[in-house]
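What follows is one structure encoded as structure tokens, with my remarks underneath.
2 protein chains.
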Amino acid sequence: MGEHQVQKVPLPSIRRYPLYLRLLKAHLEEGEKWISSTEIARVLNLKPIQVRKDMACTGIGGKPRIGFALEPLIFAIEQLLGWDNATDAILVGAGNLGSALTGYHGFDQYGLKIAAVFDNSPEKIGTMINGVRVFAMGEMPEMVSTLSVRMAVLTVPAEHAQEVALSLVNAGILGIWNFSVQALNLPSHIIVQRTDLAVSFAELSARLIKEIRKKT
Amino acid sequence: MGEHQVQKVPLPSIRRYPLYLRLLKAHLEEGEKWISSTEIARVLNLKPIQVRKDMACTGIGGKPRIGFALEPLIFAIEQLLGWDNATDAILVGAGNLGSALTGYHGFDQYGLKIAAVFDNSPEKIGTMINGVRVFAMGEMPEMVSTLSVRMAVLTVPAEHAQEVALSLVNAGILGIWNFSVQALNLPSHIIVQRTDLAVSFAELSARLIKEIRKKT
DNA sequence: TAGATTGTTAATCGATTAACAATC
DNA sequence: TAGATTGTTAATCGATTAACAATC
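Protein sequences, first through last, are from chains A and B.
Residues 1 to 216 in our numbering are what the first sequence spells out, letter by letter.
Residues 1 to 216 in our numbering are what the second sequence spells out, letter by letter.
Structure follows, in structure tokens:
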């Protein structure tokens, strides 16, 4: 009877959960047990009603006058994001950005662990980047199946992105975090998350130019 | 009479402009002169009507049966984003991520040029990162005013973010691209663009987990 | 109790999409 | 001309916000 319906959580809410998580964990560290939507909203610069809507999507209820219990809330959010057990991923493309992401603290606090890095350049293969070993691309398919990895971070140059992405999919990868500028053409069941740094820059640039022009 | 009203461009549209720009420039390179919303939509996986709405915000009109002239469209989008003349910026925090961003190709195609990098660690000061010199933080205020830079990229550890951001603002910086996890508390006229890698990761993770759970 | 907070239901807001006349 | 495309006006969709009764 479709009891186990996958509840529809709005994407903007999904984007706010990491912010909530950080705050909730910090409060837990400080020995707190409860937090109200009013308090969360104040710190994160949101509206209390929006916070409550987002909390409702986790299935956790609050207590009037008191707020929400930290622990179950943290657990529910991690569950919702699939961060409840470390999500292993591989990274392909050990350039500047790839290296930075491999060593990025802030991932390990959440589910993401880069289990292996792959690259084609002989001088990189066999070296360690921030504690993670670099393997040849040829070893990728076997390692993906051995490690049962389903996520890949793609930081190769644009001209190789499509080809590499295809080989990742063939190896069993289901989700690709694409940092290359290239749009990927992949089977529809593959989840592609694109992070285009130029897009964020455009946003800042447009807001800034508007502010500056306003003044003139 | 408020003739020169700053036209309201939706944020989602702003985010799409970099994608349009890349495509339009590529077509221009190939010797094309025109492109239709239908074609743009096909390549970028959007709806033609959405493309036309976005184009309308640039002020550039198209010709029925033919489409939009590439050159004025490119010019208008760059104008709108403030990318018409290279937007110099400084970068503070020459860690892994800072180094990667300093060398990131894809920025130079757009307005962004990192003019100088600042860091506090003595072994980095005076060195070059991807062709950009690293200066001591103490030299930042003078260089910001000399170079008339208004944008800064902030890639320092979370615990220093607030303090460094304040000194940037005091030096005359108006827009901050904040890569640190720390929320910044700054005067309201300062534009802060936050890029939180955990947020993108959350999005991918949540979509992937939903897909996987759907199958089970 | 009094009063702050939750959670529901409805209203608002803004972006996307649809329909279609105008155009070349 | 015929037909593909633009651009306008209206409808839809989804998220945010408001109002307020229920709760402890």
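Here a beta-carbon is modelled for each residue, glycine too, at the ideal position from N, C-alpha and C.
Does any CB atom of chain A fall closer than 8 Å to the CB of residue i?
i        : result
B/Arg42  : no
B/Met151 : yes
B/Leu208 : yes
B/Met1   : With a pLDDT of 33 at B/Met1, under the threshold of 50, the modelled position of that residue is not reliable, and the figure given next carries that caveat. For B/Met1, the answer is no, since every Cβ of chain A falls outside 8 Å of its Cβ.
B/Asp196 : yes
B/Ser205 : yes
B/Phe107 : yes
B/Val164 : no
B/Ala56  : no
If you run the structure through DSSP and keep just helix, strand and coil, what is residue i?
i        : result
B/Glu3   : Residue confidence is low: B/Glu3 scores 36 on pLDDT, short of 50, so the model does not pin down where it sits. No coordinate-derived value is stated.
B/Lys214 : helix
A/Gln182 : coil
A/Val153 : strand
A/Gly59  : coil
B/Ala94  : coil
B/Phe68  : strand
A/Ser226 : With chain A covering only 1 through 216, there is no way to say anything about residue 226 of chain A.
B/Leu46  : coil
A/Glu203 : helix
A/Tyr104 : coil
B/Asp54  : helix
A/Lys25  : helix
B/Glu163 : helix
B/Glu78  : helix
A/Glu30  : coil
Which one or two residues does DSSP pair with residue i in a beta bridge?
i        : result
B/Asp119 : B/Ala136
B/Ala88  : For the record, residue 88 of chain B in the displayed sequence is Asp; it is not Ala. B/Asp88 pairs with B/Lys113.
B/Gly126 : According to DSSP, B/Gly126 bridges with nothing at all.
B/Ile191 : B/Gly175
A/Ile35  : A/Phe68
Which whole-angstrom value is the C-beta distance of residue i and residue j, which I expect to be below 8 Å?
i        : j        : result
A/Ser180 : A/Ala161 : 4 Å
B/Pro18  : A/Asp196 : 7 Å
A/Met55  : A/Ser37  : 7 Å
A/Ser200 : B/Gly111 : With a Cβ gap of about 13 Å, A/Ser200 and B/Gly111 do not count as contacting.
B/Val92  : B/Leu154 : 6 Å
A/Arg150 : B/Leu101 : So it is not a contact: roughly 28 Å between Cβ atoms.
B/Phe135 : B/Met143 : 7 Å
B/Ile125 : B/Ala152 : The pair is not a contact, with the Cβ atoms about 18 Å apart (cut-off 8 Å).
A/Ile74  : A/Leu11  : Contact flag wrong, Cβ pair sits at about 21 Å.
A/Leu28  : A/Glu71  : 7 Å
Go ahead and label residue i buried or exposed: buried means 16 or more other beta carbons lie within 10 angstroms of its beta carbon, across all protein chains shown.
i        : result
B/Ile49  : exposed
B/Ser188 : exposed
A/Gln182 : buried
A/Lys214 : exposed
B/Arg16  : buried
A/Ala165 : buried
B/Thr146 : exposed
A/Gln193 : buried
A/Asn178 : buried
For chain B, find out if any of its Cβ atoms is closer than 8 Å to the Cβ of residue i; answer yes or no.
i        : result
A/Gln5   : The predicted position of A/Gln5 is uncertain, since its pLDDT is 47 and thus under 50; no value can be drawn from it.
A/Gln193 : yes
A/Arg133 : no
A/Tyr104 : yes
A/Trp34  : no
A/Leu81  : yes
A/Leu186 : no
A/Ala115 : no
A/Ile74  : no
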